[in-house]
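K.L.:
Numbering (full-length UniProt numbering), first residue to last: 1 to 734.
Every residue, glycine too, gets a C-beta built ideally from N, C-alpha and C.
Small disclaimer: the values here were computed from a predicted structure and weren't measured.
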């Protein structure tokens, strides 16, 4: 080999001789030398230390873990160990080497003794292949080279891309179903009997939408009614059921895919704990393992703090509701015609943008809080810490993203009282109401805006910020050529120097680099499954986003970021439980959207209990004829609250209509209200039980582990046992 190979590079500022930082650095490097590490120093604007571990470290690893890396060795000479494993072991030793002052690398980096520590992007064949074939736009529709990704970035990253590719593949099916649902909705755009009735109701006077608003005619909202019916129709119910099953099938098929991939890598029965103990012993033979501990007191404190944080996040959703209420009141008094006429829609749209901004801000705060709670728990290992952190941050992010949507879906227009007796915020502002054709369009607008903003802005920022910071670092870090001052002999500079410098100029990676990608995808998965009944285009948006995401991630990892420390893994960890939980929430969420948010149930109850079809067998007239008139209650204007400003031009009006099922004399609920309430509950219970049963059947029907994997493991066990037995017999004969 003409070029020296270095496992890791440590970077430090040039400290003064004899300063505290310089002494600490020397102590740390001396500890590494005692362990047999080779250290090479290169001086530039910073000090660079190349670190190479002795061969015996890797021999110990192979001896302890019975050569678990056999399959990767064909890239190099037989006794060699794969680069990914080398980096992982050296990273572990570096971070667990203790100086005489009881400080580790982490503490030294906090004290600015060292500035960075990273493995190098080498000029390997694998890297060149990935750069050319994978991290390029022209490779968008070609299959991902998972095996090559694993050889370069380790199993954890490879499994992330395998999962993301599989998810995107199956999203294609969901996107197609969503498109069909949406197209069916568009064909029904003008043909729906309910929206036709709204468009023809030019004599139906509706009660004012806010205190200073005028009375209005129902037919003014004709377009809105048509759009609502485009989303809220029978096809949506079938699609919601389909998505609940899709979520299960996707996870079951992924489990099979993962079993196949991991068996190919010979990691099916890999034990993370054993690996960690082996590394600890290689680093320090006197090491004692940290024992498992559990404190109920600590768990209770953490649980209470998590609940407190959730209350705060729900409070933010309340603040958004208050914003929309006040915005509607202000917009409706505006002199601009667009704002004045579309006050409620504009309030929903600006509210959605505001919601997106709160998501961006709260994501940063949620991370800090989750990390703080993790430190309180004192987890035993890195993977346990990761799992705890995952559960907390996902819970917080879920409430950040969905509490506002949950309000629109299930509470909007249901807790606002009635004319003459409105629920008010601070005794002044009335809560929002739903449109006479239902609340589902508000949910549609909110989801569309958040998903589009999240996917466009987040993806652009995700790539642009590292790109710009890489360019800036490059500009700052390039040292001035000094050969003019020092004479020509400076020309023959160390070949490592340029490589180390160019790696140092890349963006820093941290333990959360891959975590962020997973979190982004699980939140997106929640959007595509939980409220998909209100937004059938969600899977399509997610599908387009993911195709870009895979390649943006690839480009970032290969070109803009330092090399990640490879991590070994044989599944996607706790994320699988998170996805399964989302699958169950999707059944509940979609059941609730159809039962409560949409007008599907009230229309069906009207058709089969109150319409002319229920009394006589007419086939020529649509059964939902008369539904709108039936669903609006009458309010006598004399019963308005005394301080409500009424429109003086309409003084001849004696009564107005509003969306509810109440009696005209005492404003109590009618029998129809309770009929619909019972039907909603019955539908919800039926939908959820049927969907959950189908999920269970699908989970049973599709085995988690394919037969060929089971047979492969069976043959392996059989061969190993036979070999041991024959060796034993041979030794007794001798």
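Are at least three pairs of beta-carbons, each pair with one atom in the region 598 to 610 and one in the region 555 to 562, less than 8 angstroms apart?
P.N.:
No contact exists between the region 598 to 610 and the region 555 to 562.
K.L.:
Buried or exposed, going by whether 16 or more other CB atoms sit within 10 Å of the CB of residue 629?
P.N.:
The count along the chain shown starts at 1 and reaches residue 629 at position 629. Its Cβ having fewer than 16 others within 10 Å, residue 629 is exposed.
K.L.:
Report yes or no: do the region 23 to 39 and the region 88 to 106 share at least 3 C-beta pairs separated by less than 8 angstroms?
P.N.:
Verdict: yes, contact present.
K.L.:
Looking only at its chain, what residues have a beta carbon closer than 7 angstroms to the beta carbon of residue 251, apart from the 5 residues adjacent to it on each side?
P.N.:
In the chain shown, residue 251 corresponds to position 251, counting from 1. If we look at residue 251 and ignore the five residues flanking it on each side, its Cβ neighbours are 579, 580 and 583.
K.L.:
If distances are taken between C-alpha atoms only, which option among 660, 573, 717 and 497 comes closest to residue 44?
P.N.:
Numbered from its first residue, the chain shown carries residue 44 at position 44. Cα-wise, what sits closest to residue 44 is 497.
K.L.:
Apply the 10 Å Cβ neighbour rule to residue 721 and answer buried if 16 or more other Cβ atoms are within range, or exposed otherwise.
P.N.:
Taking the first residue of the chain shown as position 1, residue 721 is located at position 721. So residue 721 counts as exposed.
K.L.:
Can you confirm whether the region 417 to 427 touches the region 327 to 343 when touching is taken to mean that 3 or more C-beta pairs between the two stretches lie within less than 8 angstroms?
P.N.:
With a cut-off of 8 angstroms, the region 417 to 427 and the region 327 to 343 do not count as touching, because too few Cβ pairs lie within range.
K.L.:
Which whole-angstrom value is the C-beta distance of residue 305 and residue 373, which I expect to be below 8 angstroms?
P.N.:
For the purposes of this step, residue 305 is identified with residue 305 of the chain shown, where counting begins at 1. For the purposes of this step, residue 373 is identified with residue 373 of the chain shown, where counting begins at 1. At roughly 6 angstroms, the Cβ-Cβ gap stays under 8 angstroms, so residue 305 and residue 373 are in contact.
K.L.:
Could you tell me whether the region 499 to 508 touches the region 120 to 140, using the rule of 3 or more Cβ pairs below 8 angstroms?
P.N.:
Yes, the region 499 to 508 touches the region 120 to 140.
K.L.:
Tell me the start and end of each unbroken alpha helix (DSSP H) in the region 394 to 478 that is at least 4 residues and wholly inside, in chain order.
P.N.:
As far as the region 394 to 478 is concerned, its whole alpha helix (DSSP H) runs of at least 4 residues are 440 to 477.
K.L.:
At a cut of 8 angstroms, does the region 184 to 204 reach the region 306 to 316 through at least three beta carbon pairs?
P.N.:
Result no; under three Cβ-Cβ pairs closer than 8 angstroms.
K.L.:
Taking just the CA atoms, how far does residue 396 sit from residue 539?
P.N.:
On the chain shown, residue 539 is found 539 positions in, with the first residue counted as 1. On the chain shown, residue 396 is found 396 positions in, with the first residue counted as 1. If I take the Cα positions, the gap works out to 23 angstroms.
K.L.:
How long is the line joining the alpha carbons of residue 49 and residue 11, rounded to whole angstroms?
P.N.:
Mapped onto the chain shown, residue 49 falls at position 49. Mapped onto the chain shown, residue 11 falls at position 11. Computed Cα separation, rounded: 6 angstroms.
K.L.:
Would you tell me roughly how many angstroms separate the C-alpha atoms of residue 295 and residue 386, rounded to the nearest one?
P.N.:
Against the chain shown, residue 295 aligns to sequence position 295. Against the chain shown, residue 386 aligns to sequence position 386. Whole-angstrom Cα-Cα distance: 19 angstroms.
K.L.:
Does DSSP put residue 213 in a helix, a strand or coil?
P.N.:
One-based indexing of the chain shown puts residue 213 at position 213. Three-state DSSP puts residue 213 in coil, outside helix and strand.
K.L.:
What three-state label does DSSP hand residue 578 in the structure shown?
P.N.:
By one-based count along the chain shown, residue 578 stands at place 578. If DSSP states are grouped into helix, strand and coil, residue 578 belongs with the helices.
K.L.:
Touching or not, the region 441 to 459 and the region 340 to 360, by the rule of three or more beta carbon pairs under 8 angstroms?
P.N.:
Output reads yes: the region 340 to 360 touches the region 441 to 459.
K.L.:
According to DSSP, is residue 6 helix, strand or coil?
P.N.:
Residue numbering aside, residue 6 sits at position 6 when the chain shown is read from its first letter. The answer is coil: DSSP assigns residue 6 none of H, G, I, E or B.
K.L.:
Nearest to residue 188 by CA position, among 226, 679, 168 and 165, is which residue?
P.N.:
Your numbering for residue 188 matches position 188 in the chain shown. Considering only alpha carbons, the answer is 226.
K.L.:
Does the Cβ-Cβ distance between residue 627 and residue 606 come in under 8 angstroms?
P.N.:
Numbered from 1 along the chain shown, position 627 holds the residue referred to as residue 627. Numbered from 1 along the chain shown, position 606 holds the residue referred to as residue 606. Yes, the Cβ-Cβ distance between residue 627 and residue 606 is below 8 angstroms.
K.L.:
My guess is that residue 245 and residue 694 are in contact by the Cβ rule of under 8 angstroms, so how many angstroms apart are they, rounded?
P.N.:
Taking the chain shown and counting its residues from 1, the one referred to as residue 245 is at position 245. Taking the chain shown and counting its residues from 1, the one referred to as residue 694 is at position 694. That belief holds up - the Cβ atoms of residue 245 and residue 694 are roughly 5 angstroms apart, short of 8 angstroms.
K.L.:
Between residue 481 and residue 9, what straight-line distance do the alpha-carbon atoms span, to the nearest angstrom?
P.N.:
On the chain shown, residue 481 is found 481 positions in, with the first residue counted as 1. On the chain shown, residue 9 is found 9 positions in, with the first residue counted as 1. Confidence is the limiting factor: at residue 481 the pLDDT is only 47, short of 50, which leaves the residue's position unreliable, though a coordinate-based value still follows. Taking the straight line joining both Cα atoms gives about 23 angstroms.
K.L.:
Looking at C-alpha atoms only, which residue of 586, 532, 622 and 458 is the closest neighbour of residue 740?
P.N.:
This structure gives no information on residue 740, because the portion of the chain shown stretches from 1 to 734.
K.L.:
Which residue wins for smallest C-alpha separation from residue 530, given the options 242, 34 and 156?
P.N.:
Locating residue 530 in the chain shown gives position 530, counting from the first residue. Of the candidates 242, 34 and 156, the one whose C-alpha sits nearest the C-alpha of residue 530 is 242.
K.L.:
Whose C-beta lies closer than 7 angstroms to the C-beta of residue 552 among residues of the same chain, with five residues either side of it excluded?
P.N.:
One-based indexing of the chain shown puts residue 552 at position 552. Excluding residues within five positions, the ones whose Cβ falls inside 7 angstroms are 459, 462 and 463.
K.L.:
Alpha carbon to alpha carbon, what distance is there between residue 574 and residue 366?
P.N.:
Mapped onto the chain shown, residue 366 falls at position 366. Mapped onto the chain shown, residue 574 falls at position 574. Their backbone Cα atoms lie some 19 angstroms apart in a straight line.
K.L.:
For residue 14, count neighbouring C-beta atoms within 10 Å of its own C-beta (all shown protein chains included) and say buried if the count is 16 or more, exposed if not.
P.N.:
Your numbering for residue 14 matches position 14 in the chain shown. Flag for residue 14 reads exposed.
K.L.:
Between the alpha carbons of residue 723 and residue 731, how many angstroms are there, rounded?
P.N.:
In the chain shown, residue 723 corresponds to position 723, counting from 1. In the chain shown, residue 731 corresponds to position 731, counting from 1. The straight-line gap from Cα to Cα measures roughly 12 angstroms.
K.L.:
Only counting runs of 4 or more residues, tell me where the alpha helix (DSSP H) segments fall wholly within the region 522 to 571, in order along the chain.
P.N.:
Runs of the alpha helix (DSSP H) inside the region 522 to 571: 538 to 555.
K.L.:
Counting only the same chain and skipping the five closest in sequence on each side, list residues whose C-beta sits under 6 angstroms from that of residue 270.
P.N.:
Looking up residue 270 in the chain shown gives position 270. For residue 270, where only same-chain residues beyond five positions count, the Cβ hits under 6 angstroms are 570.
K.L.:
When we look at the beta-carbon of residue 592 and count the other beta-carbons within 10 Å, is it buried (16 or more) or exposed?
P.N.:
For the purposes of this step, residue 592 is identified with residue 592 of the chain shown, where counting begins at 1. Flag for residue 592 reads buried.
K.L.:
When the Cα of residue 700 is compared with those of 450, 467 and 253, which residue comes out closest?
P.N.:
Translated into positions along the chain shown, residue 700 becomes position 700. Taking only the C-alpha atoms, the option nearest residue 700 is 253.
K.L.:
Can you give, in chain order, each stretch of the alpha helix (DSSP H) that sits fully within the region 653 to 708 and has at least 4 residues?
P.N.:
671 to 701, all fully within the region 653 to 708.
K.L.:
Counting pairs of Cβ atoms below 8 angstroms between the region 203 to 212 and the region 162 to 175, do you hit three or more?
P.N.:
No: fewer than three Cβ pairs fall under 8 angstroms.
K.L.:
Take the Cβ of residue 595 as the centre, count every other Cβ of all protein chains shown within 10 Å, and call the residue buried at 16 or more, exposed below.
P.N.:
Translated into the one-based positions of the chain shown, residue 595 becomes position 595. The residue is buried, with at least 16 neighbouring Cβ atoms inside 10 Å.
K.L.:
Less than 8 angstroms between the beta carbons of residue 550 and residue 170, yes or no?
P.N.:
Within the chain shown, numbered from 1, the residue matching residue 550 stands at position 550. Within the chain shown, numbered from 1, the residue matching residue 170 stands at position 170. No; because the gap between Cβ atoms is not below 8 angstroms, this pair is not in contact.
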